[in-house]
Each structure stands twice: as structure tokens, then as C-alpha cells.
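Visitor: The structure is given below, and queries will be raised subsequently.
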Amino acid sequence: MTQLVRVQNFTLSSDGYGAGEGQSFERPFGHADPSELFAWAGATAHWPNRTEPGGGYGLDDYCTRDFHNNIGAEIMGRNKFGPQRGPWENYDWQGWWGEEPPFHTPVFVLTHHVRPSFTLGETTFHFLDASPKEALAQAFAAADGKDVRIGGGVNTVREFLDADLIDQMHIAVGRLEIGRGERLWSNPEELTDRFHLEQIPSPSGMVHHFFWRR
Ligand SMILES: NC(=O)c1ccc[n+]([C@@H]2O[C@H](COP(=O)([O-])OP(=O)(O)OC[C@H]3O[C@@H](n4cnc5c(N)ncnc54)[C@H](OP(=O)(O)O)[C@@H]3O)[C@@H](O)[C@H]2O)c1
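This is the structure:
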């Protein structure tokens with residue numbers, strides 16, 4: 011079966027931002043509040059970071075339930091992995107996610123400052139200085155025939171869109187405004203020359219945007 015490149019559960023403010031300004035160890039999304047941005051996902055039964063039982067089973071949950079569906083590897087940008095910039099001072103930082111990161115697959119972190127691979131729980135992080143096309147070839151090879159998730163952040167999604175390497179995207183757009191930071195789009199219609207688009211509102215107030223190639 012063809013391996014696809016997918017974006018899933020990527021969440022934007024109503025004004026198109028996926029992260030705020032001023033990322034730090036204390037504020038992984040900069041001035042934006044992730045508990046507001048991702049409230050929709052956190053309330054679902056299948057939220058990958060869920061540690062307690064509970065959560066809803068409605069439309070939002072159908073989206074979070076799809077997170078692991080046929081995914082064999084993830085590619086993410088260095089700023090999703092951590093707030094450091096420039097050369098690594100040491101390799102102590104192992105991401106935000108604790109001893110059992112929610113990926114459970116190989117993860118390829120794009121960076122100009124590569125470092126040795128390491129494994130935490132069921133997730134192995136590899137660091138690559140590569141073009142999107144080269145990174146994708148490695149991720150496909152590691153994905154055991156399954157699809158590859160482009161996990162963000164915004165610049166990494168943009169880079170893969172610019173290289174025309176994305177097959178499907180699920181983007182959840184909320185009501186809050188972030189105002190400044192990393193912006194994916196000013197309007198989703200920007201992508202409809204290349205993608206079909208269905209926008210489906212959820213009772214939570216999110217509008218789920220599903221894109222697939224024309
Ligand atoms: N809204 C959501 O659903 C969502 C999802 C994931 C993450 N986020 C948030 O988004 C923010 C991060 O996004 P971002 O747009 O700032 O950055 P990003 O896409 O995570 O990372 C960009 C960085 O990755 C490295 N990189 C990217 N492509 C590369 C390539 N081809 N070769 C080598 N290095 C490459 C570069 O870092 P270096 O040059 O420093 O190596 C670049 O500055 C964080 O706040 C994160 O929490 C939001």
C-alpha cells in the first residue's frame with residue numbers, strides 16, 4: 011500500500027497561529043496557553059497524552075483516535091522538540107514528554123545541530139540535518155510500510171507543504187486568537203488549489219479542517 015504523509019490534530023487559533031511568541035522551558039508554546047489551545051483534544055477519551063480515564067467520545071475524539079492509526083514514524087522540527095536554539099550545550103534535554111513520549115515510533119527531529127539518537131520508552135529520537143525529501147525517505151524506511159506524520163511545529167508543516175510532500179492534513183481551528191507567533195495561514199482557502207477541503211464544526215467550538223490532495 012502507498013505510504014502517506016499526514017498531519018494530524020494540528021491545532022490553530024482562529025487567526026491561524028499554531029504557537030505564540032517567546033518559547034521557553036516554562037512556556038513551550040510561547041505566550042499562547044496550550045491548555046486553551048488544546049482544550050478540545052484534552053477533553054477526548056483518546057487524547058494521546060491522557061493519563062486518567064474519562065473523556066468524550068464525540069467528533070473531537072474521532073480525530074484524536076486517529077493519531078496513531080497506521081503511523082510508523084514522525085518528523086518534527088527542532089523547536090517542537092525543545093526551546094533551545096543554536097548548538098547544543100549538552101544532551102541532557104530529551105523533550106517535553108517524560109519517560110514515555112506519546113509517539114511510540116521512530117521520531118526524526120530536523121535540526122542544523124544534530125546529536126546522537128536516544129530511546130525513551132517506545133520512542134527513538136533521531137536528529138537529521140536534511141531536506142524534507144531526504145528526511146521523508148528516512149522516515150518512510152523506518153515506518154515499516156506505514157504512514158509518516160508531520161508533527162509540526164508550524165515551520166516544519168510549512169516546509170513540507172512548500173515542498174508539496176503532504177498528502178492529508180487534519181487541522182483543528184479554535185475560537186481563541188493568538189495574535190503573534192508562528193502562523194500557518196491567513197486563510198485555509200490558500201491551500202484549496204492543491205487540496206480538497208472539508209470544514210466540520212464540532213460542538214466544542216473547534217472547526218475540523220480536513221485536507222486531501224486533489
Ligand atoms: N499547534 C500545534 O498543533 C503544534 C504542534 C506541534 C508544535 N507546536 C508548537 O510549535 C512551536 C514550534 O514550531 P516552529 O514553527 O517554531 O518550529 P519547528 O517547525 O518545530 O522547528 C523549526 C526548526 O527546526 C529546524 N529545521 C526545520 N527544518 C529543517 C531542515 N530541513 N534542516 C535542518 N533543520 C531544520 C530548524 O532549527 P535549527 O536550525 O535550530 O536546528 C528550524 O528553526 C512550538 O511552540 C511547539 O510547541 C504546535
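In our numbering, the protein residues as written are 11 to 224. Ideal placement from N, C-alpha and C gives every residue a C-beta, glycine not left out. These figures come from a predicted structure and were not determined experimentally.
Report the three-state DSSP secondary structure of leucine 171 (helix, strand or coil).
Guide: helix
Visitor: Please tell me whether aspartate 43 and glycine 189 are closer than 9 Å, where the distance is taken between their beta carbons.
Guide: no
Visitor: Report all residues from its chain with a CB closer than 8 Å to the CB of histidine 114; omit the five preceding and five following residues, and keep chain order.
Guide: His78, Gly131, Glu132, Thr133
Visitor: Please list, in chain order, all residues of the same chain as methionine 179 whose beta carbon is under 6 Å from its beta carbon, the five residues on each side excluded.
Guide: Only Val17, Phe221 meet the Cβ criterion.
Visitor: Check each candidate in Gly163, Gly64, Pro211 and name the one with the smallest Cα separation from arginine 185.
Guide: Taking only the C-alpha atoms, the option nearest arginine 185 is Pro211.
Visitor: Out of curiosity, what's the CA-to-CA distance linking arginine 205 and histidine 136?
Guide: Correcting the residue type first, residue 205 is phenylalanine in the shown sequence and not arginine. Near 30 Å, if we compare the C-alpha coordinates of histidine 136 and phenylalanine 205.
Visitor: On the three-state DSSP scale, how would you describe leucine 69?
Guide: DSSP places leucine 69 in helix when its eight states are reduced to three.
Visitor: By Cβ distance below 6 Å, which residues in the same chain neighbour tyrosine 101 in space, the five residues on each side in sequence not counted?
Guide: Arg125
Visitor: Could you give the C-beta distance for phenylalanine 118 and valine 15, rounded to a whole number, given that I count them as a contact under 8 Å?
Guide: Not a contact, Cβ separation roughly 12 Å.
Visitor: Would you identify the three-state DSSP class for arginine 75, choosing helix, strand or coil?
Guide: In this structure, DSSP gives arginine 75 a helical state, which the three-state scheme calls helix.
Visitor: Quick one: residues in its chain with C-beta nearer than 6 Å to the C-beta of threonine 121, no 5 flanking neighbours on either side, listed in chain order?
Guide: Arg88, Phe137
Visitor: Determine the extent of the beta strand (DSSP E) in which asparagine 19 is found, giving its start and end residues.
Guide: 15-22
Visitor: DSSP three-state call for proline 44: helix, strand or coil?
Guide: helix
Visitor: Under 7 Å Cβ to Cβ from glutamate 187, same chain only, skipping five residues before and after it: list those, please.
Guide: Ser23, Ser24, Asp25
Visitor: Taking the alpha-carbon of histidine 123 as reference, which of Gly28, Pro111, Glu109, Pro97 has the nearest alpha-carbon?
Guide: Pro97
Visitor: Identify, in the order they occur along the chain, each residue of the same chain with its Cβ nearer than 6 Å to the Cβ of glutamate 208, setting aside the five sequence neighbours on each side.
Guide: Sequence-distant Cβ neighbours of glutamate 208 in its own chain, meaning closer than 6 Å and more than five residues away, are Phe220.
Visitor: Is any non-hydrogen atom of ligand 1 found closer than 8 Å to the C-beta of asparagine 165, if you look at the structure I gave you?
Guide: yes
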